Structure formats: structure tokens, C-alpha cells
Ligand SMILES: *Cc1c(COP(=O)(O)O)cnc(C)c1O
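Residue numbers (our numbering): 436 to 822.
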């Protein structure tokens with residue numbers, strides 16, 4: 436009891452020392468995972484994209500929570516992200532869960548020496564004929580069948596075999612001997628724009644690819660792709676951002692639950708008048724008497740400088756404006772209309788719209804929810820709810 440009390444008061448004091456609180460609701464995350472599983476139906480598997488530290492939310496907690504909800508295939512960008520995820524799964528999930536998990540590295544074989552992939556049982560996503568060749572060479576040298584995913588580009592022109600390389604591979608499939616193809620995949624460029632003609636073009640190209648590899652699980656849809664309809668689902672969906680509560684259907688009601696809440700701490704209150712300005716560059720000039728609250732969150736915390744004079748915060752259900760430039764560690768709010776008792780030093784204000792979440796802030800910053808989440812810095816006190 437004694438220990439428990441002291442560790443929770445230590446937690447509290449850390450929370451009080453931080454300039455902001457980042458709350459990540461793992462129960463909402465798991466519910467989003469199940470929501471996407473319902474959308475694709477039981478014949479389609481749901482993998483999870485957990486690159487960039489699970490979109491900034493902390494892969495060490497997010498990965499095991501998703502595995503518990505049923506995810507068995509995970510996609511990361513970098514090799515070290517795979518190692519971090521692997522040890523988190525081993526430490527936090529039952530043996531039958533983590534031994535059943537596969538981790539794929541989207542950046543491909545170039546992300547680490549090929550031997551490292553084998554040593555750690557991490558699967559490369561082969562992005563070129565050269566990588567196919569190297570992986571096959573290693574399989575031969577070791578006299579082993581080595582697992583990998585194959586990424587074919589159908590219109591993104593970013594990673595994956597370009598069409599010419601794909602055609603060459605398809606006409607001489609012995610290039611894949613010794614490789615256990617766990618997934619064949621492609622990635623949509625415009626999935627969040629359902630009417631964009633590139634979606635259909637990519638779909639047609641990928642249907643042909645799937646037909647040429649009928650025995651390999653095919654994976655095509657990201658979060659928004661799932662909502663383009665069953666034709667886009669194939670065998671394995673690969674959502675990322677929707678798991679974290681970002682709306683996969685821009686312009687429509689968000690089908691996902693909010694996962695992330697961000698609060699910033701008020702440090703000081705200041706009464707000013709029309710002779711004064713707020714912040715760097717004197718960019719905000721007071722029009723009359725007003726009260727300013729200075730909050731301990733700035734662009735070093737991922738509260739983008741583009742939100743200067745544009746962002747909003749919530750005190751209870753009252754919305755207030757960010758005024759002046761966002762600085763590295765601080766931002767200023769106009770709290771003139773808020774009763775003085777509700778805004779004292781130490782008060783926490785909501786920095787994400789309590790209903791809409793990071794998407795609203797993203798719109799104000801002229802960016803997307805992905806960027807808001809992945810920019811969240813390391814200085815917040817992080818609290819994980821649920822599970
Ligand atoms: C990031 C990524 C995903 C997940 O995309 P979301 O839009 O976040 O759902 C899927 N596949 C690939 C190749 C990716 O890079």
C-alpha cells in the first residue's frame with residue numbers, strides 16, 4: 436500500500452511538472468481496430484501500420500494493445516522500429532500472441548543488413564528487383580526459405596517495383612525461388628479522395644498482380660482505402676491513421692473513436708490593453724483590454740508555428756483563440772471571455788477539439804491529422820487509458 440501510494444504521488448508530481456498531458460485511450464484504439472475489422476469482414480485480415488512510433492502515440496503501448504485486439508501483421512518504416520515493436524510484443528503479450536506476430540519493414544532490405552532481418556526474424560518489404568535478388572541470394576547461401584513481402588508500385592511512384600521490373604519478375608518467377616512471399620502489396624495514392632480516377636487505375640493494376648500471384652495474400656487498402664468498398668480489401672488491409680482516431684473520410688462524419696487528448700498547462704495570466712502586443716514580432720496587437728493566458732506548449736512540442744493566430748483551445752466547452760505567434764515552448768490564448776476563476780496558473784486547457792480531435796487543429800494549421808500526431812513531442816506527460 437505504502438509503495439502504491441508513493442508511486443502514484445510520484446506520477447502525479449511528474450504530471451504536474453509537465454507542460455502538457457497527452458492522454459492515449461488504448462480501449463478506444465482497440466475499439467477502432469475492431470471497427471475496421473467489421474468494415475472489412477471476417478475473410479479479410481486487419482494488419483496495423485505502426486511506423487513512426489505508432490504515429491507518435493508510443494508503439495511500446497500501442498503495438499501490444501493492437502495485438503491483444505487481434506492484429507498479427509505489423510508494418511513499420513525502419514528496422515529499429517521493428518526491433519522496438521518486437522521486444523514490446525514479447526514483453527507485454529502472451530506467447531501465442533507474440534509468436535504469431537509478423538513485423539514488416541516498409542523501407543525494405545536497404546533498411547538494415549540482410550543478415551539482421553534473418554537474425555531477428557523481421558520481414559523486409561522487397562521494393563525492387565535488386566532487393567528480390569539479394570534476398571534470394573541470402574536464402575541460397577543459407578540454404579533456407581526466407582520470408583518477405585513484395586511491394587509493387589501501381590501509381591504512387593515512391594517505393595515498390597516499378598511496372599518494368601514487375602513485368603520482368605512476372606515473366607521469370609524463378610527469381611522468387613527460395614523466398615516465402617508472405618504478402619504482395621501495393622499502396623493507394625488517393626484513397627482519401629474516393630472520386631479520384633487513380634483509385635480505379637491502381638485497383639485494376641493490382642487485380643492483375645493478384646491474379647498472377649493467386650497463392651499469396653494480397654494487401655492494398657490503407658485506412659481510407661478500406662472505405663472505398665470491398666473490391667479494395669483483398670486479403671489483408673493495412674490501416675494506420677484511422678486506428679488512432681483520425682478521420683479516414685475527410686468531409687464526412689468520422690466513423691472512428693477519438694484516441695488522443697492533449698492538454699496544455701497555463702503558466703501565467705496577463706491583463707493587457709490596446710497599447711500592447713503579444714509575443715514575437717509584436718504580431719498580435721490588442722484591440723482593447725484583454726486577458727492573456729500563457730500555456731507551456733509550443734512548436735517544440737509539435738504545436739505547429741503555422742497555428743499562430745489560428746489555433747483554438749478549449750476551457751471546458753468554451754473555445755478560445757490562440758493569439759500571436761506560437762513560440763518554441765509557449766503559446767498565448769485570449770481568455771478575456773472566461774471567468775477569472777476558471778483560468779488560474781496550473782489550469783489545464785484542451786488543445787485538441789474535444790469532439791473532433793487532432794483533425795480540427797490540422798485543418799487550422801493547413802495540414803493533416805497525420806502530421807499533428809507524428810509531430811507530438813517528447814515533453815508531454817503521457818497517460819495511457821484502458822486495457
Ligand atoms: C503508412 C502506410 C499505411 C497506412 O496508411 P494510413 O493512411 O495511415 O492508413 C499503409 N501502407 C503503407 C505502405 C504505408 O506507408
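Glycine residues also receive a C-beta, built at the ideal position from the N, C-alpha and C atoms. As the structure is a computational prediction, the values presented were derived from the model and not from experiment.
Looking at the structure shown, is residue i part of a helix, part of a strand, or coil, going by DSSP?
i	result
residue 537	strand
residue 473	helix
residue 440	Because residue 440 carries a pLDDT of 44, less than 50, the predicted location of this residue cannot be relied on, and the following value inherits that uncertainty. Here residue 440 sits in helix by DSSP.
residue 589	coil
residue 801	coil
residue 792	strand
residue 616	strand
residue 813	coil
residue 497	helix
residue 594	coil
residue 654	strand
residue 552	helix
residue 787	coil
residue 648	coil
residue 685	coil
residue 627	coil
residue 780	coil
residue 565	helix
To the nearest angstrom, report how far apart residue i and residue j are at their CA atoms.
i	j	result
residue 804	residue 620	25 Å
residue 439	residue 498	Residue placement at residue 439 cannot be trusted, given a pLDDT of 43 that sits under 50; the coordinates are not used to answer.
residue 507	residue 483	8 Å
residue 543	residue 563	9 Å
residue 521	residue 779	44 Å
residue 453	residue 750	18 Å
residue 739	residue 613	48 Å
residue 627	residue 660	7 Å
residue 436	residue 719	The predicted model places residue 436 with a pLDDT of 36, which falls under 50 and marks its position as unreliable; any figure quoted below should be read in that light. The straight-line gap from Cα to Cα measures roughly 52 Å.
residue 441	residue 570	Legend: pLDDT at residue 441 = 47, less than 50; position of this residue unreliable, value from coordinates given subsequently. Their Cα atoms are separated by approximately 52 Å.
residue 604	residue 545	19 Å
residue 451	residue 487	27 Å
residue 557	residue 517	7 Å
residue 691	residue 771	34 Å
residue 534	residue 548	23 Å
residue 494	residue 457	15 Å
residue 606	residue 644	12 Å
residue 727	residue 705	5 Å
residue 725	residue 712	11 Å
residue 399	residue 816	Because the chain is modelled from 436 through 822, residue 399 falls outside the range shown and cannot be assessed.
residue 716	residue 730	18 Å
residue 501	residue 609	36 Å
residue 560	residue 574	15 Å
residue 664	residue 710	58 Å
residue 532	residue 526	11 Å
residue 637	residue 667	10 Å
residue 760	residue 814	20 Å
residue 639	residue 745	42 Å
residue 490	residue 675	8 Å
Can you pull the DSSP bridge partners for residue i?
i	result
residue 712	720
residue 696	458
residue 818	458
residue 756	747, 769
residue 728	704, 768
residue 481	672
residue 558	539
residue 511	540
residue 582	615
Following a CB-centred definition, is residue i positioned closer than 7 Å to any heavy atom of ligand 1?
i	result
residue 668	no
residue 677	yes
residue 466	no
residue 657	yes
residue 641	no
residue 687	no
residue 582	no
residue 513	no
residue 684	no
residue 484	yes
residue 558	no
residue 541	yes
residue 674	yes
residue 510	yes
residue 631	no
residue 622	yes
CB of residue i to nearest heavy atom of ligand 3: below 7 Å?
i	result
residue 549	Ligand 3 is not part of the structure shown, which contains ligand 1 as its ligands.
How about the region 679–688 and the region 648–656: do they share at least three Cβ pairs that are nearer than 8 Å? no
Using 8 Å as the cut-off, can you tell me whether the region 802–821 makes contact with the region 710–730, which would need three or more C-beta pairs spanning the two stretches below that distance? no
Meets three-Cβ-pair contact criterion under 8 Å: the region 745–764 and the region 785–792: yes
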